[in-house]
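All remarks here apply to the structure that follows.
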Amino acid sequence: MISFNLLIVVSLVYVAFLFLVAFAAERRAKRDRGQWLRNPLVYTLSLSIYCTAWTFYGAVGYAARSGFEYLTIYLGPTIVMIGWWLILRKLVRIGKTQRITSVADLISSRFGKSTALGVLVTVLAVVGTTPYIALQLQSVTQSLAVFAAAPGTGWDVTDFDGAAVWIAIGLAVFTLIFGTRNLDVNERHHGVVMAVAVEAVVKLCALVAVGIFVVWGMAGGVGEMLQRIDASAIAEWQPVPHRWVGLIFLSGAALLTLPRMFQVMVVENADEKHLATASWAFPLYVLTMSLFVVPIAVTGMDLLPEGSNPDLFVLTVPLATGNQGLAILSFLGGFSSATSMVIVATIALATMVSNHIIAPVWLSSTQKGAALSGDVRGVIVMSRRISIGVILALGYLYFRLSGGGAALASIGLVSFAGVVQVLPAMIAGIFWRGANRNGAGTGVVIGFAIWAWTLFLPSFGAGAVLSEAVMAEGPFGWGWLRPYALFGIAGLDPVVHTVFWSMLFNTAAVVTLSVLTFPNPMERLQGAQFVNVFENSAGARTWAQSAARAEDLLIMAQRIIGHAEAQEMFRQEAGAQGIDGYLPEVTPELIGRLERMLAGSVGAATAHAMVGQLTGSAAVSVEDLIAVADETAQIVEYSNRLEAKSAEQERTARALREANEKLTAISIQKDAFLSQISHELRTPMTSIRSFSEILREGEVDAEARARFAGIIHQESTRLTRLLDDLLDLSYLENGQVKLDLGQGRLADVLDRAVMAAGVSGDRLVLHRDTSREAVLIETDLERLTQVFINLIANAAKYCDADRPELTIRVLSDSETCQVDFIDNGTPLEADAQVLIFEKFSRLADESKAGGAGLGLAICRQIMESLGGGISYLPGQGGPAFRVTLRQGARMAAQ
Amino acid sequence: MTVPPAGTEPGRARVEYLERGTYRQRRYRDALRILPLFATVLFFLPLFWQWDGLPGVRPSIVIIYLFGLWLVLIGLTALISWLIRFEEPESGRPSGAAGAPEE
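Chains as they are written, first to last, in numbering that gives the first Met the number 0: chain A, 0 to 893; chain B, 0 to 102.
Below, the structure is given as structure tokens:
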């Protein structure tokens, strides 16, 4: 038999080893800023505090009593971990961006940094967790008692209740040393996490070692073991559907809401990516932990006498078979499970108690401005230390008062059912912006009340708190309030019964009140921050412009987060604003960031209250919210304007490009025009020069002289006409022409034009409808006549028909007046129809034309300056031009 | 004053069609989201078994089914979690460098 003293020595050595590990981890973390500890393996192992002594010892007992139902405790967390992308990732991200310190802080911060909600959740967590801590103490004393009970140790079993005191004190020392070293929870407890990770390995190894021993050492292999199991009492097990479903839900929800799980999973998380590894590694860990549970249970039931406590098979099976080393390893496994749970749970609860209960009380009890003068840092650290002591003392007290024994054994699930009351508020808080403080608070209170009435109070045993009459008949004989059968529904197992009713009413309260009541601005800001944590990582503005001085803020920050850190933060802020030194401008953004920084130490609600003391403003108001919304709207508008502007610039660029192309084309045209005009001027000049030279030499007869002089005259006339035309065109194009507006009949204008064009009846036959020409018009009649002359003369000149005919057709209605000139020559080609209006364009050969090709160009300019137009009219059987008079040029018909 | 619906923040345009790598990443995430549902349903499956029949359900069958399923789920989660890249922002904008390797 193992000497009991040896066991004590081994335990003490193990504890010393844990202290060393934690100490080394702290030192190492200080040296390389925790890089070494930031790995997914440590993270996953630290999550294993889910497996407490209750699961280490209790799972085997559970399996012996209820078959495979113990698996539900692991299947729920497995499902949640597998779905890490949905919930856990969001929780971790929120925890980081908002510097969340605990479950209570999460709920309080989400619902408007409410102190009341923080207190509520803290109380719930303490009430729900303290019995669980007691359970751990019990399991260690029970396991010690197993060794002591063995013959020959000389110890009395009854002494071991006293051992719990020493265990509690030892745990308190460890937690005080490594749990309150850093005030900023975000800096993480490297020592604690490392020790927990080492303990996770120890307890896994211990259980696996016992498992391997029973499967291969005793049963003789997997096949034989399975046969044994099939032959055992477990073969009679059948799943109870509502328990199976209810417990999987409960354990999954507990993984999210247990204070200690939140501590290691969210608060101590160093990197979101570690979740990706933990998502499969943690289920693998719990699978391994649960794999040998049934074999150990079956072996224990076969091996040990009837009536042995199945909760201790993990210890008693190796002891009964004389494997003392294995028994000690198993003991250390159970010890590790218990201590790691107690340490982390105590840190988590102490953080909550000090941040949500002690700090607010201290803040309100001291004078305004205490954040400046009081020793904040000292107060917080001290309150956390006191909290640790108080919580462990409570656990011990609970253990002593409940008297240990069977009453405690069921406390695991009772505790789970208590802490999951936070779940509806938590899930609604991170996924539903509409969830508000009234709903969350009422939901937690109702759930807490139902849990206390239907599970917690009855768990002390019939007659202990609730009398047997109340249990059987309900209070005051109200049968529908019987603790195990609310509303007379008695078919449910007590735990599932509580979970069902409390979750139903809790969730209903969260939803109903959130729908019916209105949140305050701070809740709405925080709601948006939490729900949309992946969209906007930047903090929301939760402070209005304030009168706080940067110096005051620095002093306060130094007192809470330490001098070096605070000064560094302020220096960086000032640098970001372009200011040298340590005093940045006090902007709402600065205050918001500072508050989040402080929240990492003292929780959101307390940090908010402290900053509020300095800034003096009641944080954000509806007006501020509207101002923020206005700013947002302005930004949207500005961005819209920018977009419009860029579209406009694109349009402008296109217009410029087009203008450039046009300019290039015009430049080419100008060159062409210049060469053309030189040519046009040069031809008559050449004739004039040569003939005038001949005349100057004087060797010509009179007849020739007269002929030459005639030619010279003719050519100079042509030159003059060309220059006149050019001048005319230039005036018209520059808009310099002066219009001489007057009234007249269109018929008169046409008559004058026909006459002036000098076309004789035999050269060109005119067709006119004089009745339609009786239109009074108001325009520059001289200019219009010039256009008509040009058109008629052109027809006379260019018409290539045998019997040239010209039809002048007037089309007029009340609005417009059009005059068509259609001759019976060959119609123009399509490209010529455009070209004909350009300067110097002549289609027929030059001899016939006798002009410079400016006529139609001049016509077009005239008509444009008169406000009308001239165009080629295709499809008339011959060349046809349409002159359109300006709208309104036509007067009432006479 | 109403809160703007998610996805309409200023300067944030939703991207409707993604390049291949980003698209594949989105689908991995979908798979991760739906996996717990399948896990739940399959873990509830033993409730539908014929427990009362004369041969009954042997515990060894329960062990093999539950632990086998458990291992498969762990393997699937490990695979998908390994494939998932974190860098890509959640809502919308495609990121060039963070695209996953093509399958």
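Glycine included, each C-beta is placed from N, C-alpha and C at the ideal position.
Since the model is a prediction, treat every value here as computed from it, not as a measurement.
**OP:** Return no unless some Cβ of chain B is closer than 8 Å to the Cβ of A:Gly-577.
**Re:** So, not an interface residue.
Subject >> Contact list for B:Arg-28 against chain A, beta-carbon separation under 7 Å >> reply: From the beta-carbon of B:Arg-28, the residues of chain A found nearer than 7 Å are Trp-84.
Original post:
Does any CB atom of chain B fall closer than 8 Å to the CB of A:Ser-47?
Top reply: No, no contact with chain B.
**OP:** Excluding the 5 residues preceding and the 5 following A:Val-213 in the sequence, name in chain order all residues of the same chain whose CB lies nearer than 6 Å to its CB.
**Re:** Closer than 6 Å at the Cβ level, and outside the excluded window around A:Val-213, lie Pro-294, Ile-295 and Thr-298.
Subject >> Top-ranked residue by Cα proximity to A:Ala-62, from A:Val-292, A:Asp-551 and A:Asn-354 >> reply: When A:Val-292, A:Asp-551 and A:Asn-354 are compared, the shortest CA-CA separation from A:Ala-62 is found for A:Val-292.
Original post:
What residue range is occupied by the uninterrupted beta strand (DSSP E) comprising A:Ala-269?
Top reply: Annotation for A:Ala-269: no beta strand (DSSP E) segment contains it, and DSSP assigns it neither H nor E.
Original post:
Just by C-beta distance, which residues in the segment 228-259 of chain A are closer than 8 Å to chain B?
Top reply: Under the 8 Å Cβ criterion, the segment 228-259 of chain A contributes Ile-228, Asp-229, Ser-231, Ile-233, Ala-234, Trp-236, Gln-237, Pro-238, Pro-240, Trp-243, Val-244 and Ile-247.
**OP:** Can you pull the chain A residues whose beta carbon is under 8 Å from the beta carbon of B:Leu-19, in chain order?
**Re:** Reading the sequence as shown, one finds Arg at residue 19 of chain B and not Leu. Those within 8 Å of B:Arg-19 in chain A number zero; the least Cβ separation is about 21 Å.
Subject >> Coarse secondary structure for A:Glu-777, derived from DSSP in three states >> reply: In the three-state DSSP reduction, A:Glu-777 falls in the strand class (E or B).
Original post:
Straight-line CA distance for A:Gln-875 to A:Gln-860?
Top reply: Computed Cα separation, rounded: 24 Å.
Subject >> Cross-chain neighbours of A:Trp-279 in chain B, by beta carbon under 7 Å >> reply: By Cβ distance, chain B contributes Ile-73, Thr-76, Ala-77 and Ser-80.
Original post:
Using a C-beta cutoff of 8 Å, does A:Pro-282 count as contacting chain B?
Top reply: In terms of beta-carbon proximity, A:Pro-282 lines the interface with chain B, with at least one pair separated by less than 8 Å.
Subject >> Cα-Cα separation, A:Thr-506 to A:Arg-432 >> reply: The C-alpha of A:Thr-506 lies about 15 Å from the C-alpha of A:Arg-432.
**OP:** To the nearest angstrom, report how far apart A:Gly-574 and A:Arg-37 are at their CA atoms.
**Re:** Linking A:Gly-574 to A:Arg-37 through their CA atoms gives a straight-line distance of about 30 Å.
Original post:
Relative to the C-alpha of A:Thr-441, which residue among A:Ile-78, A:Ser-770, A:Pro-826 and A:Val-120 is closest?
Top reply: The option with the nearest alpha carbon to A:Thr-441 is A:Val-120.
Subject >> Which residues DSSP lists as bridging A:Gly-741, in chain order >> reply: Residue pairing for A:Gly-741: DSSP places it in a beta bridge opposite A:Thr-778.
Original post:
Of all the CB atoms in chain B, is at least one closer than 8 Å to the CB of A:Leu-738?
Top reply: No Cβ of chain B is located within less than 8 Å of the beta carbon of A:Leu-738.
**OP:** Go ahead and pull the three-state DSSP assignment for A:Thr-511.
**Re:** In the structure shown, A:Thr-511 sits in a helix (DSSP, three-state: H, G or I).
Original post:
Which residues bound the beta strand (DSSP E) around A:Ser-811?
Top reply: 804-811 is the span of the beta strand (DSSP E), which, as asked, contains A:Ser-811.
Original post:
Since B:Gly-34 meets chain A, which of its residues come closer than 8 Å, beta carbon to beta carbon?
Top reply: With the sequence shown as reference, residue 34 of chain B is identified as Leu, and Gly is not the correct amino acid for it. Near B:Leu-34 (Cβ distances below 8 Å), the residues of chain A are Ile-81 and Gly-82.
Original post:
Between which two residues does the beta strand (DSSP E) containing A:Arg-767 stretch?
Top reply: For A:Arg-767, the enclosing beta strand (DSSP E) starts and ends at 764-767.
Original post:
Between the segment 298-308 of chain A and the segment 70-88 of chain A, are three or more C-beta pairs nearer than 8 Å?
Top reply: Between the segment 298-308 of chain A and the segment 70-88 of chain A there are fewer than three C-beta pairs closer than 8 Å, too few to call the two in contact.
Original post:
Per DSSP, B:Tyr-22 is paired with what?
Top reply: Per DSSP, none; premise fails for B:Tyr-22.
**OP:** Could you name the residues of the same chain whose beta carbon sits closer than 8 Å to that of A:Leu-123, not counting the 5 residues immediately before and after it, in chain order?
**Re:** Around A:Leu-123: Gly-417, Val-418, Gln-420, Val-421, Val-443 and Phe-447.
Subject >> Cβ-based burial, A:Ser-645 [other Cβ within 10 Å; buried from 16] >> reply: Result: exposed.
**OP:** Using a Cβ cut-off of 8 Å (strictly closer), state whether B:Leu-31 contacts chain A.
**Re:** Interface residue, yes.
Original post:
Can you find a CB in chain A that lies within less than 8 Å of the CB of B:Leu-44?
Top reply: No, no contact with chain A.
Original post:
Would you say B:Leu-104 faces chain A, with C-beta separation under 8 Å as the test?
Top reply: Shown here, chain B extends from 0 to 102; a query on residue 104 of chain B therefore has no answer.
**OP:** For A:Leu-203, decide whether its Cβ has a neighbour in chain B, counting only Cβ atoms nearer than 8 Å.
**Re:** With a threshold of 8 Å between beta carbons, A:Leu-203 makes no contact with chain B.
Original post:
Is the Cβ of A:Ile-295 closer than 8 Å to any Cβ of chain B?
Top reply: Chain B, which has no Cβ nearer than 8 Å to the Cβ of A:Ile-295, makes this no.
Original post:
Given a threshold of 16 other Cβ atoms within 10 Å of its Cβ, counted over all protein chains shown, does B:Gly-74 qualify as buried or as exposed?
Top reply: By the C-beta density criterion, B:Gly-74 is exposed, having fewer than 16 other C-beta atoms within 10 angstroms.
Subject >> Assumed close pair A:Ala-21, A:Met-193 - CB separation to whole angstroms, cut-off 8 Å >> reply: Indeed they touch by this definition, with Cβ atoms about 6 Å apart.
**OP:** Per DSSP, which residues does A:Ala-484 bridge with? Please list them.
**Re:** Paired residues: A:Arg-481.
Subject >> Proximity to A:Pro-719 [Cα-Cα], best of A:Tyr-395, A:Val-601, A:Leu-314 and A:Met-684 >> reply: Before going on, a small fix: residue 719 of chain A reads as Thr here, not Pro. Of the candidates A:Tyr-395, A:Val-601, A:Leu-314 and A:Met-684, the residue whose Cα lies closest to the Cα of A:Thr-719 is A:Met-684.
**OP:** Could you tell me whether any Cβ in chain A is nearer than 8 Å to the Cβ of B:Arg-23?
**Re:** Not one chain A Cβ lies under 8 Å of B:Arg-23.
Original post:
Helix, strand or coil: which one does DSSP assign to A:Ala-463?
Top reply: In the structure shown, A:Ala-463 sits in coil (DSSP, three-state: anything other than H, G, I, E or B).
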